[in-house]
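Protein chains: 2
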Amino acid sequence: MRAVVLDKGLRYEPDYPKPQPGEGQCLVRVHMAGICATDLQLVKGYMDFKGVVGHEFVGTVASGPANLKNKRVACEINFVCRKCELCLAGLATHCPNRTVLGISNQDGCFADYVVAPEHNLHPVPDSVSDEEAVFVEPLAAAYQVLAQCPVEERTKITVIGSGRLGLLVAQALKTKGCKLTVVGRNKKTLTFCEKKGIQGIHVDKLVARQDRDVVVECSGAAEGLTIAMELVRPRGTIVLKSTHAEAGALNLAPIVVNEVNLLGSRCGPFGEAINALARQAVDVRSMISKTFPIEKALEAFKAAEDRNNVKVLLKMNAK
Amino acid sequence: MRAVVLDKGLRYEPDYPKPQPGEGQCLVRVHMAGICATDLQLVKGYMDFKGVVGHEFVGTVASGPANLKNKRVACEINFVCRKCELCLAGLATHCPNRTVLGISNQDGCFADYVVAPEHNLHPVPDSVSDEEAVFVEPLAAAYQVLAQCPVEERTKITVIGSGRLGLLVAQALKTKGCKLTVVGRNKKTLTFCEKKGIQGIHVDKLVARQDRDVVVECSGAAEGLTIAMELVRPRGTIVLKSTHAEAGALNLAPIVVNEVNLLGSRCGPFGEAINALARQAVDVRSMISKTFPIEKALEAFKAAEDRNNVKVLLKMNAK
Numbered sequence: 006m007r008a009v010v011l012d013k014g015l016r017y018e019p020d021y022p023k024p025q026p027g028e029g030q031c032l033v034r035v036h037m038a039g040i041c042a043t044d045l046q047l048v049k050g051y052m053d054f055k056g057v058v059g060h061e062f063v064g065t066v067a068s069g070p071a072n073l074k075n076k077r078v079a080c081e082i083n084f085v086c087r088k089c090e091l092c093l094a095g096l097a098t099h100c101p102n103r104t105v106l107g108i109s110n111q112d113g114c115f116a117d118y119v120v121a122p123e124h125n126l127h128p129v130p131d132s133v134s135d136e137e138a139v140f141v142e143p144l145a146a147a148y149q150v151l152a153q154c155p156v157e158e159r160t161k162i163t164v165i166g167s168g169r170l171g172l173l174v175a176q177a178l179k180t181k182g183c184k185l186t187v188v189g190r191n192k193k194t195l196t197f198c199e200k201k202g203i204q205g206i207h208v209d210k211l212v213a214r215q216d217r218d219v220v221v222e223c224s225g226a227a228e229g230l231t232i233a234m235e236l237v238r239p240r241g242t243i244v245l246k247s248t249h250a251e252a253g254a255l256n257l258a259p260i261v262v263n264e265v266n267l268l269g270s271r272c273g274p275f276g277e278a279i280n281a282l283a284r285q286a287v288d289v290r291s292m293i294s295k296t297f298p299i300e301k302a303l304e305a306f307k308a309a310e311d312r313n314n315v316k317v318l319l320k321m322n323a324k
Numbered sequence: 006m007r008a009v010v011l012d013k014g015l016r017y018e019p020d021y022p023k024p025q026p027g028e029g030q031c032l033v034r035v036h037m038a039g040i041c042a043t044d045l046q047l048v049k050g051y052m053d054f055k056g057v058v059g060h061e062f063v064g065t066v067a068s069g070p071a072n073l074k075n076k077r078v079a080c081e082i083n084f085v086c087r088k089c090e091l092c093l094a095g096l097a098t099h100c101p102n103r104t105v106l107g108i109s110n111q112d113g114c115f116a117d118y119v120v121a122p123e124h125n126l127h128p129v130p131d132s133v134s135d136e137e138a139v140f141v142e143p144l145a146a147a148y149q150v151l152a153q154c155p156v157e158e159r160t161k162i163t164v165i166g167s168g169r170l171g172l173l174v175a176q177a178l179k180t181k182g183c184k185l186t187v188v189g190r191n192k193k194t195l196t197f198c199e200k201k202g203i204q205g206i207h208v209d210k211l212v213a214r215q216d217r218d219v220v221v222e223c224s225g226a227a228e229g230l231t232i233a234m235e236l237v238r239p240r241g242t243i244v245l246k247s248t249h250a251e252a253g254a255l256n257l258a259p260i261v262v263n264e265v266n267l268l269g270s271r272c273g274p275f276g277e278a279i280n281a282l283a284r285q286a287v288d289v290r291s292m293i294s295k296t297f298p299i300e301k302a303l304e305a306f307k308a309a310e311d312r313n314n315v316k317v318l319l320k321m322n323a324k
């Protein structure tokens, strides 16, 4: 099968072995997939990953149990043991025995086929297109902010970063009617925010006021956290969404002095994300900058590095 | 009056002007005071402070309203406006107009006299000696951990750092009967822990297991936070108590991946601390390594830098 493989470098591989589903697993034929900042980081060496890259996709179950067979599905990326203390305690996404699709010890979805445990698959309603369904995984991660941190109409909240993740988080938060601003560098994406009724602020015009109840750091830059500490109010919350923050010089004294709550946030609720797409509460379609066939994956990765592009998709197979 | 003054460097000053209480303020004659890690940091340039150093003390009200006159008192260190949004919202310790005793724009207590707002003063019961009462302020900061973070008998909790602050935090936590360990470098203070029924672990013998519900970072070293991230369980809490963490290379990816809650923690409830000392729930007396007369303050600071000493006190005046 066709696949995008990370080994010494990233390469398109026209004849990669088709995966075999194990017990309790399904074989899924991939329709489309999305390139995420984590994929770009993996290529730079993050997680030391080797194998098929990719973790955001929509596909059709080619082999599996009757309730899933031929269903169009999105897929949770943590493949967990369902037996350990954390799984049994309801913290399965933190299973220490987990593999992670296209990120850690598990071949990913930038390929014609991918295998995944039945329990990870979520049927996607017909009203959600393939292009939209690709966003289920990152949109779920965006909704995780709401799962971890109470957001009400009165909540003053700022999203730092107007890239892929920032725009999804901002749109998820917008559904709560909170007092929302987005800080970014890119005029195009800040304009996108304004069109969605979200105040966009260019980082150079930012006035740090320590008055925000919640700041969500989605920029992935070390500078982002420093800005977050300047914006958040005493006893406020900073949600840290970017996994690829590199080791950088950081002075955390403001966290202590202002008794800030810094909250790490990762994968989120698929149900919320699918539901938001089905009722069109979030516009992901306008975020798609380019779509490439899988054969042009390297070109697609280059496009995803370009900050003028928001989301770049890969197309594998028709529905 | 006699005072310990920070200017270009730290000096003992035999003839410093006696402070004049303003409206709503008391003049307090200082009995004894404690040297804290923050004082050592101030000398190194933290906060750019100039003036009389010191913020942990016990003294007697020399002039003030009838209900306080001649009372022995401990003193909250944040001098706040009581008018701003944060003060009115019940977050007075975060008042943006605050001065901080011996730390920020406010002469401190390493002197014969100090002035403080009436509202900051807490009478100390006779059952608590001067030596013990000096610990009210840092012990209150230790109790702040309990005010911010639920700790129960079943809570697995580790304190990193067996210095002044670590030992106070550990003793405050011990009163909750939780599953408690202290990680440190100093055999003497780890032995102190063992005597108090708290398991002490030398940092070189530490096995990182990501199984602690709560980790309290009291070491002030950048390494302390890294160790905390290795010890805390997914979705656990790290309480950051050390204000003097310098800007250092830090990889916060584990915070995101394990969805850890990093909680800054500063000043705390004086009532809890005074009560703990009065009922002898916490042993601070054994933590006193040396006591110097105020004239020997520079020697006292040197002693406080020595990791073999836990708490170093200054003596100004008899009761």
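Residue numbers (the working numbering), protein chains in the order written: chain S, 6 to 324; chain Z, 6 to 324.
Heads up, the beta-carbon is just placed ideally off N, CA and C, and yes, glycines get one too.
Predicted, not measured: the structure shown is a model, and the values here were computed from it.
With 16 or more other Cβ atoms from the protein chains shown falling within 10 Å of its own Cβ, Z/Thr163 counts as buried. Contiguous alpha helix (DSSP H) elements confined to the segment 34-118 of chain Z occur at 42-48, 90-93, taking only those with 4 or more residues.
Here the alpha carbons of Z/Pro101 and S/Arg7 stand approximately 60 Å from one another. For a cut-off of 8 Å, the C-beta gap from S/Ala152 to S/Pro274 is around 6 Å, short enough to register as a contact. Judged by pairs of C-beta atoms under 8 Å, the segment 12-21 of chain S does not touch the segment 276-283 of chain S, as fewer than three such pairs exist. Cβ proximity to chain S below 7 Å picks out Leu255, Asn256, Leu257, Ala258, Ile260, Val261, Val262, Asn263, Glu264, Val265, Asn266, Leu267 from the segment 255-267 of chain Z.
Interface flag for Z/Gly269 against chain S is set, since a Cβ pair is found closer than 9 Å. Neighbourhood of Z/Lys161 in chain S, by CB distance below 9 Å: empty, with the nearest CB roughly 12 Å away.
As the crow flies, the alpha-carbon of S/Ala177 is around 17 Å from that of S/Lys316. Shown here, Z/Arg240 sits in a strand according to DSSP, grouped into three states. Taking the Cβ atoms as the reference, S/Val188 lies roughly 11 Å from S/Ile203, outside the contact range of under 8 Å.
Every alpha helix (DSSP H) stretch that sits fully inside the segment 134-221 of chain S and reaches 4 residues is listed by chain position as 135-138, 141-153, 169-179, 192-200. Contact with chain S is found for Z/Arg240, since one of that chain's Cβ atoms lies less than 9 Å from the residue's Cβ. Contact of Z/Lys246 with chain S is assigned, a C-beta pair being separated by under 9 Å. In the three-state reduction of the DSSP assignment, S/Leu318 falls in the strand class.
Chain Z places no beta carbon closer than 9 Å to that of S/Gln111, leaving this residue out of the contacts. Taking a Cβ-Cβ cut-off of 8 Å, Z/Leu93 has no neighbours in chain S, whose nearest Cβ is about 14 Å from it.
Nearest in C-alpha terms to S/Cys114, of all of S/Val58, S/Phe197, S/Cys223, is S/Val58. In the DSSP assignment, Z/Cys31 forms a beta bridge with Z/Ala121.
The three-state secondary structure of Z/Leu230, taken from DSSP, is helix. When secondary structure is reduced to three states using DSSP, S/Asn266 falls in the strand class. The DSSP-derived three-state label of S/Leu282 is helix.
Among the residues of chain Z, those whose CB is under 7 Å from the CB of S/Leu96 are Pro239, Arg240, following chain order.
Note: Z/Val9 is bridge-paired with Z/Tyr17 in the DSSP secondary-structure output. No Cβ-Cβ contact shorter than 9 Å links Z/Leu318 with Z/Met52. Sixteen is the threshold: when 16 or more other Cβ atoms of the shown chains lie within 10 Å of the Cβ of S/Asn266, as they do, the residue is buried. In its chain, beyond the 5 residues on either side, Gln176, Ala281 have a beta carbon closer than 6 Å to the beta carbon of S/Val287. At least 9 Å separates the CB of S/Pro128 from every CB of chain Z. None of the residues of the segment 29-62 of chain S has a beta carbon lying less than 7 Å from any beta carbon of chain Z.
Using a Cβ-Cβ cut-off of 8 Å, S/His207 is close to nothing in chain Z; its nearest Cβ partner there is about 25 Å away. For Z/Lys307, DSSP records no beta bridge to any residue. Z/Asp311 and Z/Ala305 have their C-alpha atoms some 10 Å from each other. Interface residue (Cβ-Cβ distance to chain Z less than 9 Å): S/Pro101 is classified as such.
Residue-level contact by beta carbon holds for Z/Leu230 and chain S, with a gap shorter than 9 Å. Contact between the segment 118-127 of chain S and the segment 182-201 of chain S is not established, with fewer than three Cβ pairs separated by less than 8 Å. Using a CB distance cut-off of 9 Å, S/Gln176 does not count as an interface residue toward chain Z.
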